[in-house]
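A short worksheet on the structure shown next.
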Amino acid sequence: AQTVTQSQPEMSVQEAETVTLSCTYDTSESDYYLFWYKQPPSRQMILVIRQEAYKQQNATENRFSVNFQKAAKSFSLKISDSQLGDAAMYFCAYRGSGYALNFGKGTSLLVTP
Amino acid sequence: KAGVTQTPRYLIKTRGQQVTLSCSPISGHRSVSWYQQTPGQGLQFLFEYFSETQRNKGNFPGRFSGRQFSNSRSEMNVSTLELGDSALYLCASSFGQGSYNEQFFGPGTRLTVL
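The listed protein sequences derive, respectively, from chains A and B.
The working numbering puts the first residue of the first sequence at 1, with every later residue one more than the last.
The working numbering puts the first residue of the second sequence at 1001, with every later residue one more than the last.
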């Protein structure tokens, strides 16, 4: 079974600064997808960014980018120019041949003014 | 286009009762997945339905069941409720079943078992 590990239960960043959230995963599959989801206090899960394992180029979405290291099985999320609205739980997730999303335990991000 | 809707949003039940939760996917989406979120276990996959057939099932006891209707709407049922079933139940829909299909989540149903 695939496991996803987020080693940082909580992170804090000042407004306008940059923060990186870490995620590692374990799999024997070669074809899979990785995701970062954001869950604000409303509990609505929102897709932030996704990465296809077969693509070497790191995905970017505006202020959000990833550092995908396939050999190291690492998938970190970088948030640039942090905003107060970025405060939320962030979940790293893996989706392979089983189709189900396997989530990490999450990182709670606090953004301070 | 309307998003994924889940009803009810909040539910309080007592041990031993059963409960049915409903999920209406985004129009045109044929795949519906269910997840349980608890503080202790995090987000765990329950099951996935595609074209009215259960395609995938997580590691949950048989008390948890589901179904999907011809209009892609899905229900999940939990029988003989236990205190540990208290959780946020999230439903997600996608157009197809493949891993590349983005899953869109609903707002969840908060179930409290007393």
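Glycine is no exception: its CB is placed at the ideal position from the N, C-alpha and C atoms.
Assigned secondary structure, residue i (DSSP; H/G/I helix, E/B strand, else coil)
i	result
B:G1066	strand
A:L84	helix
B:D1085	helix
B:R1030	coil
A:R43	coil
B:Q1054	strand
B:Y1100	coil
A:V137	Lying outside 1 to 113, the shown extent of chain A, residue 137 of chain A is not represented and no answer is given.
B:S1094	strand
B:A1002	coil
B:Q1047	According to the sequence as given, residue 1047 of chain B is Phe; it is not Gln. Here B:F1047 sits in strand by DSSP.
A:A93	strand
Interface partners of residue i on chain B, CB under 7 angstroms
i	result
A:Q44	F1105, P1107
A:L47	E1102
A:R95	S1099
Span of the beta strand (DSSP E) around residue i
i	result
A:S97	Counting along the chain, A:S97 falls outside any beta strand (DSSP E), and DSSP gives it neither H nor E.
B:S1077	The amino acid occupying residue 1077 of chain B in the given sequence is Asn; Ser does not appear at that position. It spans 1074-1078 - the beta strand (DSSP E) in which B:N1077 sits, taken as one unbroken run.
A:M11	10-14
A:K24	According to the sequence provided, residue 24 of chain A is Thr. The question's Lys does not apply to it. Taken as a continuous stretch (DSSP letters only), the beta strand (DSSP E) holding A:T24 covers 24-26.
A:K78	74-79
A:S7	No beta strand (DSSP E) contains A:S7, which DSSP labels as neither H nor E.
B:S1024	1019-1024
A:V19	19-21
DSSP beta-bridge partners of residue i
i	result
B:G1042	B:T1038
A:R50	A:F35
A:Q2	Answer by DSSP bridge pairing: none, since A:Q2 is not bridged.
B:R1110	B:Y1010, B:L1088
A:S65	A:T60, A:K78
B:F1105	B:A1092
Proximal residues of chain A, C-beta to C-beta of residue i below 7 angstroms
i	result
B:G1028	In chain order: nothing, as chain A lies at least about 18 angstroms away.
B:E1048	Y99, A100
Cβ-Cβ separation, residue j to residue i (assumed contact under 8 angstroms), whole Å
i	j	result
A:T107	A:Y94	Contact doesn't hold; Cβ gap of about 16 angstroms is too wide.
B:S1065	B:N1077	5 angstroms
B:L1114	B:D1085	11 angstroms between Cβ atoms; not a contact.
B:S1024	B:R1073	5 angstroms
B:T1005	B:G1106	6 angstroms
B:G1062	B:F1045	Wrong, their Cβ atoms sit about 16 angstroms apart, outside the cutoff.
B:S1027	B:T1007	Actually they are not in contact, since the Cβ atoms of B:S1027 and B:T1007 sit about 17 angstroms apart, beyond 8 angstroms.
A:K6	A:C23	A small correction: the amino acid at residue 6 of chain A is Gln; Lys does not occupy that position in the sequence shown. So it is a contact: roughly 5 angstroms between Cβ atoms.
A:Y25	A:T3	7 angstroms
B:F1047	B:Q1037	Their Cβ separation, rounded to whole angstroms, is 15 angstroms, which puts B:F1047 and B:Q1037 out of contact at 8 angstroms.
Proximal residues of chain B, C-beta to C-beta of residue i below 9 angstroms
i	result
A:L101	S1033, Y1035, L1043, F1045, A1092, Q1103
A:Y33	S1099, Y1100
A:F91	G1042, L1043
Per-residue contacts from residue i into chain B (C-beta, under 8 angstroms)
i	result
A:K105	G1042
Listed by chain order, chain A residues near residue i by CB distance under 9 angstroms
i	result
B:G1058	A100
B:L1088	R43
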